[in-house]
Amino acid sequence: MKPVWIVDDDQSIRWVLEKALARADLAVQGFASAAEMMTALEHETPSVLVTDIRMPGQDGLSLLHRIKQDYPGLPVIVMTAFTDLNSTVAAFQKGAFDYLPKPFDLNAAVALIQRALRSSSPDTGARTQGGPADAGTPSSAGGQEPGQPGVALPAGLEGAAHASQRSGVGRIMMQSSAPAMQEVFRAIGRLASSSVTVLITGESGTGKELIARSLHTHSNRAEGPFIALNAAAIPKDLLEAELFGHERGAFTGATQQRRGRFEEARGGTLFLDEIGDMPFDLQTRLLRVLAEGSFYRVGGSQAVHADVRIVAATHQPLEQRVAEGRFREDLFHRLNVIRLRLPPLRERKEDIPALIGLFMRNSAQDLGVPVRHLTPDALRAMQAFDYPGNIRQLENFCQWLTVMSSGQYIEAKDLPPELLRAPPQHAPATAASAHHGGLGEGGVAHGPGDAGLPAAPLESAAEHAWLNLLEQEALTRLARQEPAIMATLTREFERILLATALGYSRGRRMEAAQRLGIGRNTLTRKCKELGLD
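First residue of the sequence shown: 1434, per my numbering; consecutive thereafter.
Quick look at the structure:
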């Protein structure tokens, strides 16, 4: 059997995968760069190619594009530490077999490679007609990196119906590092070139409309409209006309013809939220549209073609409602072609610190007050809570804290009563370090509560976590080709350090300066320069 090829500039990643694949009796060969691999490819081909997405010289996405042009039958698995929706969708759009986010479970990685081996065709190594690929420069036809033009999330994704999305909730969700969200990203990537019906399930407040918008944005209907309708928010007697439109004179008050949501969504996506609350008789009409591809306006006699993709969502257990006779079983099967389960916030707690930072800044801006900051103990308590109301409940807590807190620094005792009454749970050790929105944007201040941090092994992991986040932030800004990165990050680092020290010392500048190892005059000058006065 041909070997599996691993392309990654990180020697430790190559080493651990090589050892794991060797234990699984698979031949393997490693390459430190795309150029090395492309040179070897002129003489032989692998059975499966596993490549990192970001490497010096040539990134994995442009490499993937070129490989799929010349060797369309070769399964390519893309792996990266930069886990977000953009990179996932871009990988699938360029023909990836699958996507492997770092850090990965080694057994799962080997199982994925074995699955790719089973799917490879006998002519995997066959090359399409054309000249040899250039091993030295990125392909001009592809290779957009995540966050660059061509795969960037549109502003519309962050401008969905809920008010908090103006602050970047969509951005945080689509850049989530939570394993549960990686499965959602992978599904969206696989569905990018399809118009199949999708059913999104999940608790209220988890962001189902954001996922629906993302499915639309990354589909072949992205140029068409995205039309949303909440079946639970419209009175039963108006819902039919809202969906299908009506003719003039169809009922009292219908003084002119009106198009419904199906027609408004022509060529695009119709998002039916809370589909589980749709009246039973209207479910029959919807089923007919899905089965026949056409409908009649209320009071109309002429069939109207329904050129839409349906994405439905519900927090209801539809199987249970079918068993109770409250939801049509045939409609359920029509909608349940592909099901996406959106995890609740308690299953993606990695996102909570970034969300808190956004909501605290939003609330402060709305009220015209300084941004409140959480001590580590307060943040741990916030991150440990289960949030039955999900993102909406977290936003409400942040608004409550902004209104009710008398000081700039919020301690655990200042948190909302229902949060304080919650049974204690273990929060991730990196809670105070987890930060997704750019250095210096969080609502977290370190204070005396640090004395309660977990013991050495977890402390060590947390110490490394902030360095990893700093590295990721630097790489992100470098990829965006931002100007003056050194000056910007240094300023943000100093601002956080000074604000944290002042919070720790309760605003006593002499003590803060002593702990930082600088003079009081230097501290005062820096505070003025950084806008901390």
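Note that the Cβ used here is the ideal one computed from N, Cα and C, for glycine as well.
inquiry  = Between the alpha carbons of Gly1952 and Ser1938, how many angstroms are there, rounded?
reply    = Cα to Cα, the separation comes out at about 15 Å.
query = If you pair each beta-carbon of the stretch 1756 to 1770 with each one of the stretch 1602 to 1615, do three or more pairs fall below 8 Å?
reply = Of all C-beta pairs linking the stretch 1756 to 1770 to the stretch 1602 to 1615, fewer than three are shorter than 8 Å, placing the two stretches out of contact.
ask   = For the stretch 1765 to 1773 against the stretch 1811 to 1818, are there 3 or more C-beta pairs whose distance is under 8 Å?
value = Segment contact: the stretch 1765 to 1773 against the stretch 1811 to 1818, fewer than three CB-CB distances shorter than 8 Å; contact not assigned.
query = Just how far apart, CA to CA, sit Val1731 and Gly1693?
reply = Val1731 and Gly1693: Cα-Cα distance of roughly 10 Å.
query = What whole-angstrom Cβ distance do Ala1625 and Val1744 have, given they're in contact under 8 Å?
reply = Approximately 14 Å separates the beta-carbon atoms of Ala1625 and Val1744; this is outside 8 Å, ruling out the contact.
query = Can you give, in chain order, each stretch of the beta strand (DSSP E) that sits fully within the stretch 1727 to 1752 and has at least 3 residues?
reply = Whole beta strand (DSSP E) segments, 3+ residues: 1727 to 1729, 1736 to 1738 and 1742 to 1747.
task = Starting from Gln1462, follow the beta strand (DSSP E) in both directions and report where the run begins and ends.
result = Residues Val1461 to Phe1464.
inquiry  = By the DSSP assignment, the alpha helix (DSSP H) with Met1606 in it spans what residues?
reply    = Looking at the DSSP string, the run of the alpha helix (DSSP H) that includes Met1606 is Val1602 to Met1607.
inquiry  = Please classify Lys1452 as buried or exposed, where buried requires at least 16 neighbouring CB atoms within 10 angstroms.
reply    = Under this definition Lys1452 is an exposed residue.
request  = Please classify Ile1486: does DSSP put it in a helix, a strand, or coil?
outcome  = In the three-state reduction of the DSSP assignment, Ile1486 falls in the coil class.
task = For Phe1684, count neighbouring C-beta atoms within 10 Å of its own C-beta (all shown protein chains included) and say buried if the count is 16 or more, exposed if not.
result = The C-beta of Phe1684 has fewer than 16 other C-beta atoms within 10 Å across all chains shown, which makes the residue exposed.
ask   = Are Val1449 and Leu1539 touching if we call contact CB-CB under 8 Å?
value = Cβ distance < 8 Å, so Val1449 and Leu1539 count as in contact.
ask   = Alpha carbon to alpha carbon, what distance is there between Tyr1532 and Ala1549?
value = Each residue's alpha carbon lies about 12 Å from the other.
Residue environment, Gly1885, which counts as buried when at least 16 other CB atoms sit within 10 Å = Residue placement at Gly1885 is poorly supported in this model, since its pLDDT is 33, which falls under 50; the coordinates still yield a value, given next. In this structure Gly1885 is exposed. Its beta-carbon is surrounded by fewer than 16 other beta-carbon atoms within 10 angstroms.
message = Would the stretch 1637 to 1654 count as touching the stretch 1670 to 1690 if we require 3 or more Cβ pairs under 8 Å?
response = Taking 8 Å as the limit for Cβ pairs, the verdict is that the stretch 1670 to 1690 does not touch the stretch 1637 to 1654.
request  = Check whether the Cβ atoms of Val1511 and Thr1484 sit closer than 8 Å, and answer yes or no.
outcome  = For the 8 Å CB-CB criterion, Val1511 and Thr1484 form a contact.
key: Ser1610 versus Gly1601, Phe1530, Ile1621 and Thr1513, residue with shortest Cα-Cα distance   = Ranking Gly1601, Phe1530, Ile1621 and Thr1513 by CA distance to the CA of Ser1610 puts Thr1513 first.
8 Å Cβ cutoff met for Ala1524 and Gly1638 = Cβ distance not < 8 Å, so Ala1524 and Gly1638 don't count as in contact.
query = Which of the three DSSP states, helix, strand or coil, is assigned to Thr1639?
reply = Of the three classes helix, strand and coil, the one that applies to Thr1639 here is coil, per DSSP.
task = Please work out which residues of its chain come closer than 8 Å, Cβ to Cβ, to Asn1954, disregarding the five sequence neighbours upstream and downstream, and give them in chain order.
result = Closer than 8 Å at Cβ, skipping near neighbours: no residue.
ask   = Below 8 Å, can you find three or more Cβ-Cβ pairs linking the stretch 1662 to 1670 to the stretch 1716 to 1735?
value = No, because fewer than three Cβ pairs between the stretch 1662 to 1670 and the stretch 1716 to 1735 fall closer than 8 Å, the two stretches do not touch.
ask   = Is it true that the CB of Leu1963 sits closer than 8 Å to the CB of Leu1935?
value = Against a cut-off of 8 Å, the Cβ pair of Leu1963 and Leu1935 comes out as no contact.
inquiry  = Quick test of the definition: if touching needs 3 or more C-beta pairs under 8 Å, does the stretch 1734 to 1748 touch the stretch 1780 to 1793?
reply    = With the cut-off at 8 Å, the stretch 1734 to 1748 and the stretch 1780 to 1793 do not touch.
request  = Report all residues from its chain with a CB closer than 6 Å to the CB of Phe1792; omit the five preceding and five following residues, and keep chain order.
outcome  = Closer than 6 Å at the Cβ level, and outside the excluded window around Phe1792, lie Glu1828 and Cys1831.
query = Alpha carbon to alpha carbon, how far is Pro1803 from Pro1534?
reply = Using only the alpha carbons, I get a separation of about 38 Å.
Exposure label - Phe1530; buried when at least 16 CB within 10 Å = So Phe1530 ends up on the buried side.
request  = Report the three-state DSSP secondary structure of His1498 (helix, strand or coil).
outcome  = In the structure shown, His1498 adopts helical secondary structure according to DSSP, grouped into three states.
ask   = In its own chain, which residues sit with a C-beta less than 6 Å from the C-beta of Leu1852, not counting the 5 before and 5 after it?
value = Once the five neighbours on either side are set aside, the close Cβ partners of Leu1852 are Phe1818.
ask   = Roughly how many whole angstroms lie between the Cα atoms of Leu1965 and Leu1778?
value = Straight-line measurement puts the Cα of Leu1778 at about 32 Å from the Cα of Leu1965.
query = Buried or exposed: His1651, going by 16 or more other Cβ atoms within 10 Å of its Cβ?
reply = Buried: at least 16 other Cβ atoms inside 10 Å.
Euclidean distance between Cα positions of His1649 and Ala1674 = Rounded to the nearest angstrom, the two C-alpha atoms are 24 Å apart.
key: Span separating the alpha-carbon of Leu1474 from that of Gly1463   = Taking the straight line from one Cα to the other gives about 13 Å.
key: Neighbourhood of Leu1751 by C-beta distance below 6 Å, restricted to the same chain and skipping five residues each side   = Closer than 6 Å at the Cβ level, and outside the excluded window around Leu1751, lie Gly1709, Phe1760 and Phe1765.
task = Leaving out five residues on either side along the sequence, give the residues of the same chain with a beta carbon under 8 Å from the beta carbon of Arg1767.
result = Around Arg1767: Thr1630, Leu1720, Leu1723 and Ala1724.
Euclidean distance between Cα positions of Glu1925 and Glu1915 = Roughly 15 Å separates the two Cα atoms.
ask   = Starting from Leu1827 and walking both ways along the alpha helix (DSSP H), at which residues does that stretch end?
value = If you look at Leu1827, you'll find it in the alpha helix (DSSP H) that goes Asn1823 to Met1837.
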